[in-house]
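Below: the structure, in structure tokens.
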Amino acid sequence: MSDKHADNPAGEENLDPVFISEQQFDKAARLIRHLKKGLVDFLKQPKRITIINFPIELDDDSVETFQAYRVVHNRVFGPGKGGIRYHPDVTMEEVISLAKLMTWKCALVNIPFGGAKGGVACNTKNLSERELRRITRRFTSEMSDVIGPYTDIPAPDLYTNEQTMAWIYDTYDVLKPNNNNRPVVTGKPLGMGGSPGRHEATGYGCMYAARRFLSKALIPGQQDFAGARVAIQGFGDVGSMAAQACFREGARIVAISDSQGGVYREAGLDPKDVRAFKSEHGTVVGMPDTMTITNAELLELDCDILIPAALGNQIHAGNAGNIKARLVVEGANNPTTPAADEILKKKGVYVLPDILANAGGVTVSYYEWVQNQENEQWDAEQVDKKLRARMYAAVDTVFERWQSYAVSEQSDGDTQTPDFRTIALAIAIERVTEATLLRGIWP
Ligand code: NAD
């Protein structure tokens, strides 16, 4: 396990992703009665880790070797499911922790998939489209006995997109002909077996989760998005769609960022204009009539709702005390560290955790997989309606459990109401544990 203390803005906090996921698991497991001791190891450990190294010929005829990972954490509920990210900082530990997150996420929203994740350590900003295609094809061919429509199903994540998924499908289909291979990967382009609404799903799902949560009236004066000041870190698939959805709900999007920095406008930004500017200039920075801010400043802005939708560990021991938002909606995976969770809780800032807030992506990935079985395509309204219902149901489940703790805290005064992450995780762990025991321990 790597030691990430050095050069760490979070100070002494250990940011090792596996360490963090174990801390979160242990905290949630304390809420579960009769959790069989021997099962804990099974639930914590990944089922399978695949590491590969492969060479790619670059456009200048040089050769570079890339390392890639695919991890299946748990398959009790069904095939492994989880995105593939292309990022220079991808490590095995990160992929393991993200695979675990997928297990809990699928269980929380009742999707019949297990948890998996993949990654290639590479910098897409320095690679041409042809190089990315070669990396994707080689990765897929080396993983062709690892992934499969009923064993382990990839999807997009950081710096991968619909095009990447189309290449994965094509490569797999060439290698394994004579089958309907469309369900081997989700997040495909609409013209190639994708689902209407998949591109929007994670961002819209964040909005639906937040909308349902706001309606519970825990935040004084903010029972819906109307007039809410929203700051969004990251303007990719998740951030841009979350911005669009919140804007339509009447929110004021005061700040948006990408890897190069952020922009702030007190009167609010129209996500449509931000998208147009970014597609022309490659970044949101420099948009007319905006103030340039850093990503660190964006997180600490005076706003009502903060949506981290980029990288992990953005809200940590070093900056959680300065967060002014009243609600954090985790579009990204693992954006908040355990130390930050504690600080935010003390400050009265609510956090809708990743396994709840960004579960819209895997939800519509599941709908895509179902459509692919029959070579059907549903319409966008149908997908959106089903997504909304599932997000609302998940928020209600977590909220009701939270309320039961909050009520007992009021009556006996000596219990600590757990935060929403811990409760969501406990519900998911309970479900996976129950299914494991119902299936029976093999042999
Ligand atoms: P993406 O590649 O489409 O977009 C990433 C965005 O983050 C870009 O705007 C990029 O400029 C920005 N970014 C990169 N480095 C940054 C930095 N240092 N500071 C600020 N911004 C930075 O990725 P995505 O698919 O939108 O995924 C974003 C996050 O959401 C990831 O944590 C991912 O795991 C999570 N997520 C994605 C999905 C999905 O369906 N795509 C589903 C669930 C969770």
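Quick note on the working numbering: the sequence shown kicks off at 8 and runs consecutively.
Positions of the beta carbon are idealized from the N, C-alpha and C atoms, including for glycine.
It should be emphasised that the depicted structure is a prediction, and the values quoted were computed from it without experimental measurement.
**Report entry** Three-state secondary structure assigned by DSSP to E20
**Finding:** Mapped onto the sequence shown, residue 20 falls at position 13. It is coil, neither helix nor strand.
Query raised in the report: Would the beta-carbon of P161 be found less than 7 angstroms away from any heavy atom of ligand 1?
Result: For the purposes of this step, residue 161 is taken as residue 154 along the sequence shown, with counting starting at 1. Placement of the Cβ of P161 at a distance of 7 angstroms or more from every heavy atom of ligand 1 is found.
Report task. Take T429 and list the residues in its own chain whose beta-carbon comes closer than 7 angstroms to its own, dropping the five residues that flank it on each side. Result -> Taking the sequence shown and counting its residues from 1, the one referred to as residue 429 is at position 422. The answer, listed in chain order, is K34, A35 and L38.
Report task. Report the three-state DSSP secondary structure of Y166 (helix, strand or coil). Result -> Position 159 of the sequence shown, counting from 1, holds the residue named residue 166. It is coil, neither helix nor strand.
Requested in this report: Please classify D180: does DSSP put it in a helix, a strand, or coil?
Outcome: Here residue 180 refers to the residue found at position 173 of the sequence shown. It is helical.
Query raised in the report: Residues in its own chain within less than 6 angstroms of T443 by CB, not counting five upstream and five downstream?
Result: Locating residue 443 in the sequence shown gives position 436, counting from the first residue. Only V83 meet the Cβ criterion.
Query raised in the report: What's the C-alpha gap between G368 and L165?
Result: For this step, residue 368 is matched to residue 361 along the sequence shown. For this step, residue 165 is matched to residue 158 along the sequence shown. Distance between the alpha carbons of G368 and L165 is about 13 angstroms.
Query raised in the report: If we count the other Cβ atoms within 10 Å of its Cβ and call it buried at 16 or more, is L108 buried or exposed?
Result: Counting from one through the sequence shown, the residue named residue 108 turns up at place 101. L108 is buried by the Cβ-count criterion.
Requested in this report: Locate the alpha helix (DSSP H) running through H94, then write down its first and last residues.
Outcome: Against the sequence shown, residue 94 aligns to sequence position 87. Note, H94: premise wrong, no alpha helix (DSSP H); not H, not E.
Report task. Using alpha carbons as the reference points, say which of L182, R205, N187 and P184 lies closest to T193. Result -> The count along the sequence shown starts at 1 and reaches residue 193 at position 186. Comparing Cα-Cα distances from T193 to each of L182, R205, N187 and P184, the minimum goes to R205.
Query raised in the report: Where does A35 sit, in a helix, a strand or coil, going by DSSP?
Result: Sequence index remark: in the sequence shown, residue 35 carries index 28 (1-based). Helix, per DSSP.
Query raised in the report: If we ignore side chains and look at the alpha-carbon of each, how far apart do N21 and N329 end up?
Result: Reading the sequence shown from its first residue, position 14 is the one you call residue 21. Reading the sequence shown from its first residue, position 322 is the one you call residue 329. Each residue's alpha carbon lies about 20 angstroms from the other.
Report task. Quick one: give me the first and last residue of the alpha helix (DSSP H) that F254 is part of. Result -> Numbered from its first residue, the sequence shown carries residue 254 at position 247. Here the alpha helix (DSSP H) through F254 covers D244 to R255.
Report task. Mark N81 as exposed unless 16 or more other C-beta atoms lie within 10 angstroms of its C-beta, in which case mark it buried. Result -> Your numbering for residue 81 matches position 74 in the sequence shown. Buried, by the Cβ-count rule.
**Report entry** Exposure of W111, with buried meaning 16 or more beta-carbon neighbours within 10 Å
**Finding:** For this step, residue 111 is matched to residue 104 along the sequence shown. Classification for W111: buried.
Report task. Figure out for me which residue from G246, S222 and G45 has the closest Cα to the Cα of K279. Result -> Here residue 279 refers to the residue found at position 272 when the sequence shown is read from its first residue. Comparing Cα-Cα distances from K279 to each of G246, S222 and G45, the minimum goes to G246.
**Report entry** Limits of the unbroken alpha helix (DSSP H) element including E307
**Finding:** Walking along the sequence shown from the start, residue 307 turns up at place 300. Unbroken run through E307: none, as it is neither H nor E.
Query raised in the report: By how many angstroms is the C-alpha of V25 removed from the C-alpha of E149?
Result: As a working mapping, residue 149 is identified with position 142 in the sequence shown. As a working mapping, residue 25 is identified with position 18 in the sequence shown. Going by the C-alpha atoms only, they are around 25 angstroms apart.
Query raised in the report: R272 and T301 look like a contact to me (Cβ under 8 angstroms); what is the Cβ gap, rounded to whole Å?
Result: Residue numbering aside, residue 272 sits at position 265 when the sequence shown is read from its first letter. Residue numbering aside, residue 301 sits at position 294 when the sequence shown is read from its first letter. That belief does not hold up - the Cβ atoms of R272 and T301 are roughly 16 angstroms apart, past 8 angstroms.
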